[in-house]
Structure formats: C-alpha cells, structure tokens
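K.L.:
Take this structure first; my questions come after.
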Amino acid sequence: MKKFTFFVFTVLIFCAFVVKSQSIVVTTPQFKSVVLEEFTGIHCQYCPDGHVIAQALQDANPGKVVLVNLHQGGYAVPSGAEPDFRTTFGNPIAAIAGVNSYPAGYVNRHVYPNIEATMGLGRGSWNAAANEVMSQQSPVNVGFNSSYNSGTGELTVNVELYYTQNSSVADNFIQVAFLENHLIGFQQLTSGTNPSYDHKHVLRHFITGQWGDIVNTTSQGTLVQRTYVYTVPATYINTSCTIANCDVAVYVSESHTEIYTGGVAPVGSSFDGNSNLYTGNYNAPVNDVVAGTIGNVTSILFSAYNSLVGTEDFTFTLTTNAPSDWTGGFNIEGTDYANTATVSIINGTPANIILNVTPGTTPAVAKYTLTMTSVSNPSATSHIMEIYVISGVTDFVVNGGGSWGDGLNYNWESKYTDGLTFAGNTSFAAVNADIFQKAQTNNALTNVGHVYMNVGWTFPSFTDDVATSLMAFMDNGGNVMFCGQDIAWDIKSGSGYGTTTTNNLFTNYMHALYVADGGATNNSLNPVVTDPIFGTVGISPVVDVYAGNFYPDQINVTGGSVVTFKYSTSTRIAGLRYNNGTYKMVYIAPGMEQLSNVAVKNSVLKQTHDWFHGLISNVNNTFAKATDVIVYPNPTSDKLYIDTYVYNASKLSMQITDLSGKVVLENNKIVSNEPINISNLESGFYFVKVNGNDGCSVYKIQIIK
Numbered sequence: 001m002k003k004f005t006f007f008v009f010t011v012l013i014f015c016a017f018v019v020k021s022q023s024i025v026v027t028t029p030q031f032k033s034v035v036l037e038e039f040t041g042i043h044c045q046y047c048p049d050g051h052v053i054a055q056a057l058q059d060a061n062p063g064k065v066v067l068v069n070l071h072q073g074g075y076a077v078p079s080g081a082e083p084d085f086r087t088t089f090g091n092p093i094a095a096i097a098g099v100n101s102y103p104a105g106y107v108n109r110h111v112y113p114n115i116e117a118t119m120g121l122g123r124g125s126w127n128a129a130a131n132e133v134m135s136q137q138s139p140v141n142v143g144f145n146s147s148y149n150s151g152t153g154e155l156t157v158n159v160e161l162y163y164t165q166n167s168s169v170a171d172n173f174i175q176v177a178f179l180e181n182h183l184i185g186f187q188q189l190t191s192g193t194n195p196s197y198d199h200k201h202v203l204r205h206f207i208t209g210q211w212g213d214i215v216n217t218t219s220q221g222t223l224v225q226r227t228y229v230y231t232v233p234a235t236y237i238n239t240s241c242t243i244a245n246c247d248v249a250v251y252v253s254e255s256h257t258e259i260y261t262g263g264v265a266p267v268g269s270s271f272d273g274n275s276n277l278y279t280g281n282y283n284a285p286v287n288d289v290v291a292g293t294i295g296n297v298t299s300i301l302f303s304a305y306n307s308l309v310g311t312e313d314f315t316f317t318l319t320t321n322a323p324s325d326w327t328g329g330f331n332i333e334g335t336d337y338a339n340t341a342t343v344s345i346i347n348g349t350p351a352n353i354i355l356n357v358t359p360g361t362t363p364a365v366a367k368y369t370l371t372m373t374s375v376s377n378p379s380a381t382s383h384i385m386e387i388y389v390i391s392g393v394t395d396f397v398v399n400g401g402g403s404w405g406d407g408l409n410y411n412w413e414s415k416y417t418d419g420l421t422f423a424g425n426t427s428f429a430a431v432n433a434d435i436f437q438k439a440q441t442n443n444a445l446t447n448v449g450h451v452y453m454n455v456g457w458t459f460p461s462f463t464d465d466v467a468t469s470l471m472a473f474m475d476n477g478g479n480v481m482f483c484g485q486d487i488a489w490d491i492k493s494g495s496g497y498g499t500t501t502t503n504n505l506f507t508n509y510m511h512a513l514y515v516a517d518g519g520a521t522n523n524s525l526n527p528v529v530t531d532p533i534f535g536t537v538g539i540s541p542v543v544d545v546y547a548g549n550f551y552p553d554q555i556n557v558t559g560g561s562v563v564t565f566k567y568s569t570s571t572r573i574a575g576l577r578y579n580n581g582t583y584k585m586v587y588i589a590p591g592m593e594q595l596s597n598v599a600v601k602n603s604v605l606k607q608t609h610d611w612f613h614g615l616i617s618n619v620n621n622t623f624a625k626a627t628d629v630i631v632y633p634n635p636t637s638d639k640l641y642i643d644t645y646v647y648n649a650s651k652l653s654m655q656i657t658d659l660s661g662k663v664v665l666e667n668n669k670i671v672s673n674e675p676i677n678i679s680n681l682e683s684g685f686y687f688v689k690v691n692g693n694d695g696c697s698v699y700k701i702q703i704i705k
C-alpha cells in the first residue's frame, strides 16, 4: 500500500508563512550533491572495484554523495540459491543511455563530454564527474525525515524542497529511493568468488515510482512539502529486509535525466540539505586556456559574484606553478593585487576581475589558480578559477582523458617526457586531454607543432571533442604520435566506445585498420630494419603493466601509411607512420609504458621527435646514422651544438639558412659539442645543413628568443 499527501506553498502568495512553516530544509544556497546510480551485478567480476571507488567517493565527501546500486542486466541474474537483488526499475534507467558494460554509473544522469561521450560512465570517470557536479550551485535544496512503524510496517517520508533559483524547466520530479545495506551473499570477484560479500546501497524500491513524483512549482522562493507512506515487505524476491540496515535517499531531477541534487539518511533520521553552503562563484572567462608571448602581458577577464544576502567579504588568493621568470597578478574593480585580496561583493553586483600574466623566456603551460573564500563562512567550500597560459612550448605530451580499464589509477607521463628529454628537447609540456582540446579550440597552440598522445589503457581512448581537436590540429600541420593498448579495439571492434568522429580519426588520420585484440604472444616490439626512421632503435619486450590485462592491438596500414614495427612474428603489425606533407603521424599500438627496455623506449620517442621536427627524414636519415650527427638543442635561443660522435669532425662543415634560403651563418670546421653562437639570429625556423664527404644532411631548427 502506498499513500501520498501533498502540500505545496508558493512564496508569491504565502511569503511570510513559507519562511515560518519550513521546518526541515535549509533556505540558504547550496552546492549540488552527487547522485551516483551504479549499475552492478553479482556475477560482474569488476563490480566490487566499482563499489570500492563509489564508497571512497562518499566517504571523502560526507553529506554530499548519494549512492544507489541498481542490480541490473545479465550479470545480475542469480543461479540456484544466489541472491536476486533485481528490481523492475533497473532496466528502464539503464536504457536511458544504453548501459551494456559493467560496472557503469550515472553521475546525476548527466553527460560530461570532456570525460566520456555517454551518460553511462566507467568507474574511472566517476570522481571527475562528481567533482564537476559538486562545483555547481543547485537551484533547489532537498530536506527530509523518515520514521518507521514496526507494527504496521509503514515507512513515512516527509520531503521538503526549497528553490533558491528558478529551475530551468517548469516541471521537476522527486525521487524517493528505499535502499538496504549489509545484504550478505554471493559475488563474483576477479579472482574467484565470495559467498559472503557485503552488498551495500542496494535499491529495493522507488517509493515515488519509476520516474518520480511531479513538482510543477519550481520558481525561486518556492517551498514544496510532500509526505510519502510505503509499506515495507518482509522479503524482496528471495532476500529478507532488515529495516535497521535501510536508508532513504531523496533526489530531484528535471525529467527522467538531469538530477539536480539529493541526500541520503538512515531510516528514522533526517537530512536538511545543509551539506555544502554555496556562497558565490565566478562567471567564467571566454577562454580559460590562452596563448601568451614572452615579455608581453596576457589579460584574462572574468567576474565573481555573491550568492548570500546583502554584502559579503571574500578573500582571493592567487597561486601558480609558473616558472620563476614569469610574473602574474590580478586586478579587482581597478585595484591591483599580487597574491591576496579581501573584497566586499554586493549580492546582484558582480566584481570584475582581470588576471594579468607576463611569460618569461622559460617555456611552460602555467596554471594560475584564484581561490575565492567567504570571510564569514570560512568552512564553506571555496570557489576556484583555473587559467592556463601557454608560452614557448613546441611539444605537448597529452595524457588520455578516459577512465582506466581496470578502474585503478596510473601515471605514465614520465615515460614520454623522459623520452623528449633524451631527445634534447627543452620546450615540452605535459597536459591533460581536456586542456589540449581547449587550447586547440581557443587557438592557443601558437608554437605547439607536435603532440604525443599518452592514451595508456583508458576508455574511451578519445572523446569526440578531443578527436575533433586532434584532426583540426593535424589539418593545420601538427604532427601526432598515438600510443596505447586497445585504441584500435575501442574504436573499431564494435564492443568499445567508437563513434563516427573517432572512426574518422582512426581511419583517415591515424591511417590504420584494426585486425585483432592483443594477447600474450604480442610480447615483443620489433622494428622494420629497413625503415629509415625507426629501423635501428632495437627490440624491446612488450610487458603486462595492467595486472593481467594485456591487449596490445594488432593493426594494419591503410591510406598510404607504412609499417614501422611488428610483434614477435613477421606478420602481426604493431606500429606504423604516415606523412602527407601536411602532417606526420606515428601510431604504436602498445603504450610506451609497456616497453620494458628503457633505452629502446627513449629511442622510439627520440626518433619520433626528430622526424616530427625535421631533424631526420627519409632522405637524410641514412647519413645521420652513418655519421651519428646530432644537432641540439631544438628549439634553442642563443647557442647550437653539433655532436658528431665517432665521425671525423674535421671533415664536416655547416651552414644555417633562413626559410628563404639565405645563408645567415657558416662554419667550415665543426668542433664536436662546441657552442655555435646564434644569438644574433631572430626568432623563427631555420635549416642547418651539415656537409661531409658522404653527402649532406639538412635539419630544421627553431629559435625562440
């Protein structure tokens, strides 16, 4: 039996009464809380890892995270006497985004395009999505209390909503979920089974039905009061219910998707919504990733506002990871500040802010963080504005933005940056995929011409936004190296996250075909010895760094690409490259983290770097290998070196020409590793021609002042 009693009072008519009658929910602005609906099952071996990740998220954010575990899909089907935790509600909710891999989770039933292209997020993405949710103001606060009558078995839930802003839609929906913890029963693990697994946050019933109870008074200042009565059964399918282990969760959505916020509390207790006071925030700048130039001020304009009544004092603190020769500060309403400021902001009158950054000569992607904290509410969550300024950088290591395939966290950035250091590059930086995507979209890649995609074992390998930015970057002459196991499988197998956009990237820009998912025999990376770029880098074992998840793809060439690497046999292709005169591309199916021979790994990256920079080519590489000549550093500013190794340096001479072919510097006798003064040359690209008895080589360099 289910009873509903509804009370709705609108502030426009009963303003004085509303303030007095409100007894559960707070009326001050609040941040959104996270509602994570996890799709799970007793036969899903990776689902316990999802449970751990979700629980850690809730534990780290008390009062701000609601966990609802929906046992649904094929992995939830019991066998024999195994517990059946399924409900009639799971499949329709999973169908919203077509969930077909487990564990998956909806974070507030919202799509986060910079994280994954689908609403059903892999467990490695839950934290990133949750952080995004918890940084936003909720238009509505949720409060409730509950009581249980053991004589009748009736659970009574009193719900109050208070709208601190207008909802973006006319109708909202209240969802009241009845959850149970500590249900002991079977669970499949990655290594065997556990017959006494502790199942928590299990959805038993939606008291307000599949999609919730409609609310059609959703304007600012409105108080909504509802009472729901639900008779709790003694048993759900084949598992008994223990009321002492049960929780009530209440959340509000726009429709079937877009959950605003929610709360959870044990049966017999209450939740007032006062979990996270929202004091104000920033109005974002037009671009938060911008290009800067050496010695010139870059200004970024945005504003801050106060959400509290009247006037509130806020402290602003600026921090940065910029090099020491960069300078930065901020201006609020005409007054300059270096590091900190305390400013009064009137509700309804935003304060204008200008961040001023002057890059030095050190190349960097500098992050400037301006933190805004309420003086009278210091325990309330601070607000953060992050601005990225790029100057002097020529090479980007871009870390994949997807979730890790096993739900753990890895950091392989150094595998790539060490290789660029080995190549003599001093103007590289490492960024996450979303920062690269913003930089490309904002035309902030002024000097960046080369990208090394550190995809690792993440899903999706590329979001549509990142794939679109990569293709635009390449169309504009940018060179890209792609590395990571399962890129091909993810995009082309039909079982991953492939989209029309990422298929276009894979086929027409990576110039690759997917042949097969990797396995244990793809355990050695062998260069094609006749390849002029990678032929002499050596052989490296390809090893498992993902605890038994070893899937280096087998690929093939298409559209003019050429084979550069094979696995242990002569038939399975592991790497390829492509050059159409506009861009150069290198694709190696294993990630650099899987090459256990560090020298080979560094050589692969160095050869890629040198080919991208024009230091070696199909024409000059034979000479470069025969003479062991290296021109470095590149880019450079005032000095250049030529390392001749074992070659007789007395037989070598050098010319530097500008792009028009004009000779700007000559040296008829090179001394190995002695500095060549180029301080009188202006910033730009030049060609270094090294002449010897065996012929000549031409290397493209960049001078940055």
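Numbered by our numbering, the letters in the sequence shown go through residues 1 to 705 in order.
Ideal Cβ placement from N, Cα and C applies to all residues, glycine included.
It should be emphasised that the depicted structure is a prediction, and the values quoted were computed from it without experimental measurement.
Do I387 and I491 have their C-beta atoms closer together than 8 Å?
P.N.:
No, Cβ-Cβ distance for I387 and I491 is not below 8 Å.
K.L.:
What residues in its chain sit with their C-beta under 7 Å from that of T441, if we drop five residues either side in the sequence?
P.N.:
The residues are S469.
K.L.:
Please tell me whether I576 and H511 are closer than 8 Å, where the distance is taken between their beta carbons.
P.N.:
The residue you asked about is not Ile; residue 576 is Leu in the sequence shown. Against a cut-off of 8 Å, the Cβ pair of H511 and L576 comes out as a contact.
K.L.:
State the CB to CB distance for the pair G328 and Y368, rounded to an integer number of angstroms; the pair is presumed to be in contact (CB under 8 Å).
P.N.:
So it is a contact: roughly 6 Å between Cβ atoms.
K.L.:
For N158, count neighbouring C-beta atoms within 10 Å of its own C-beta (all shown protein chains included) and say buried if the count is 16 or more, exposed if not.
P.N.:
The residue is buried, with at least 16 neighbouring Cβ atoms inside 10 Å.
K.L.:
For Q437, I'd like the list of residues in its chain whose CB is within less than 6 Å of its CB, leaving aside the five on either flank, ordered along the chain.
P.N.:
Taken in chain order, the residues that qualify are D465, V466, S469.
K.L.:
Does DSSP put Y509 in a helix, a strand or coil?
P.N.:
Here Y509 sits in coil by DSSP.
K.L.:
Sort out for me which residues DSSP pairs Q137 with in a bridge.
P.N.:
BP columns for Q137 point to F31.
K.L.:
Is it right to say A574 is buried, meaning 16 or more other beta carbons lie within 10 angstroms of its own, or is it exposed?
P.N.:
Classification for A574: buried.
K.L.:
Where DSSP assigns a beta bridge to T261, which residues make up the other side?
P.N.:
For T261, which the question treats as bridged, DSSP gives the partners V252.
K.L.:
Which class does Q220 belong to by DSSP, given the choice of helix, strand or coil?
P.N.:
Note: Q220 maps to coil in three-state DSSP.
K.L.:
Could you pull out every residue in the same chain whose Cβ sits closer than 8 Å to the Cβ of I13, ignoring the five residues on either side in sequence?
P.N.:
For I13, the pLDDT reaches just 29, beneath the cut-off of 50, and the residue's location in the model is therefore unreliable, although a value from the coordinates is still provided. Same-chain partners within the cutoff: there are none.
K.L.:
Of all the CB atoms in chain C, is at least one closer than 8 Å to the CB of N442?
P.N.:
Included in the structure is just one protein chain, with no chain C present.
K.L.:
Output needed for T156: all residues of its chain with C-beta closer than 7 Å, excluding positions within five of it in sequence on either side, in chain order.
P.N.:
Once the five neighbours on either side are set aside, the close Cβ partners of T156 are S146, S147, T227, V229.
K.L.:
May I have the straight-line CA-CA distance separating P527 from K601, to the nearest angstrom?
P.N.:
Straight-line Cα distance between these residues: approximately 12 Å.
K.L.:
Determine contact between the segment 252-260 and the segment 188-202, defined as no fewer than three beta-carbon pairs at a distance below 8 Å.
P.N.:
Because the criterion of three Cβ pairs below 8 Å is not met, the segment 252-260 and the segment 188-202 do not touch.
K.L.:
Ignore the nearest five residues each way along the sequence and tell me which others in R109's own chain have a CB closer than 8 Å to its CB.
P.N.:
Excluding sequence neighbours, R109 sits near V35, E37, I96, M119, S253, H256, T257, E258, I259.
K.L.:
Suppose contacts are defined by Cβ-Cβ distances below 8 Å. Is P363 in contact with A429 by that definition?
P.N.:
Yes, the pair counts as a contact, with Cβ atoms nearer than the cut-off.
K.L.:
Would you kindly check if the distance between the Cβ of G484 and the Cβ of V455 is under 8 Å?
P.N.:
Taking 8 Å as the Cβ cut-off, V455 and G484 qualify as a contacting pair.
K.L.:
Rounding to the nearest angstrom, what Cα-Cα distance links G221 and Q136 in this structure?
P.N.:
Roughly 19 Å between the two C-alpha positions.
K.L.:
Nearest to T88 by CA position, among V286, V431, Q165, I207, is which residue?
P.N.:
With distances taken between Cα atoms, T88 lies closest to I207.
K.L.:
Using the C-alpha atoms, what's the distance from I243 back to E154?
P.N.:
Straight-line Cα distance between these residues: approximately 11 Å.
K.L.:
Have a look at N673 and L652 and give me their C-alpha separation to the nearest angstrom.
P.N.:
So the two alpha carbons sit approximately 13 Å from each other.
K.L.:
Just to confirm the assignment, what range does the beta strand (DSSP E) spanning P48 have?
P.N.:
Careful: P48 lies outside any beta strand (DSSP E), inside the alpha helix (DSSP H) at 47-60.
K.L.:
By DSSP, does V365 sit in helix, in strand, or in coil?
P.N.:
It is a strand residue.
K.L.:
What separation, rounded to the nearest whole angstrom, lies between the Cα atoms of T426 and D418?
P.N.:
Roughly 11 Å separates the two Cα atoms.
K.L.:
When the Cα atoms are used, what is the spatial distance from A284 to A599?
P.N.:
Their Cα atoms are separated by approximately 45 Å.
K.L.:
Which residue marks the beginning of the alpha helix (DSSP H) containing H609, and which one marks its end?
P.N.:
598-612 is the span of the alpha helix (DSSP H), which, as asked, contains H609.
K.L.:
Over the uninterrupted alpha helix (DSSP H) stretch that includes M471, give me the two end residues.
P.N.:
Looking at the DSSP string, the run of the alpha helix (DSSP H) that includes M471 is 464-475.
K.L.:
Which residue's Cα is closest to the Cα of G477: T446, T502, V111, T458?
P.N.:
If we check each option's Cα against that of G477, T446 comes out closest.
K.L.:
Can you list the beta strand (DSSP E) stretches of 3 or more residues lying completely in the segment 518-582, in chain order?
P.N.:
Correct list: 524-527, 554-557, 562-566, 573-579.
K.L.:
Go ahead and pull the three-state DSSP assignment for K700.
P.N.:
K700: strand per DSSP, three-state reduction.
K.L.:
If you drop the 5 nearest sequence neighbours on each side, which residues of the same chain put their C-beta closer than 6 Å to that of N287?
P.N.:
Counting only Cβ-Cβ distances below 6 Å, and skipping sequence neighbours, we find N442.
K.L.:
Under DSSP, the alpha helix (DSSP H) around D434 begins and ends at which residues?
P.N.:
Its alpha helix (DSSP H) spans residues 433-441.
K.L.:
Looking at the strands, I want to know which residues DSSP matches up with E333.
P.N.:
Answer is none; E333 lacks a bridge partner.
K.L.:
From the DSSP output, which residues share a beta bridge with C44?
P.N.:
DSSP lists no partner for C44.
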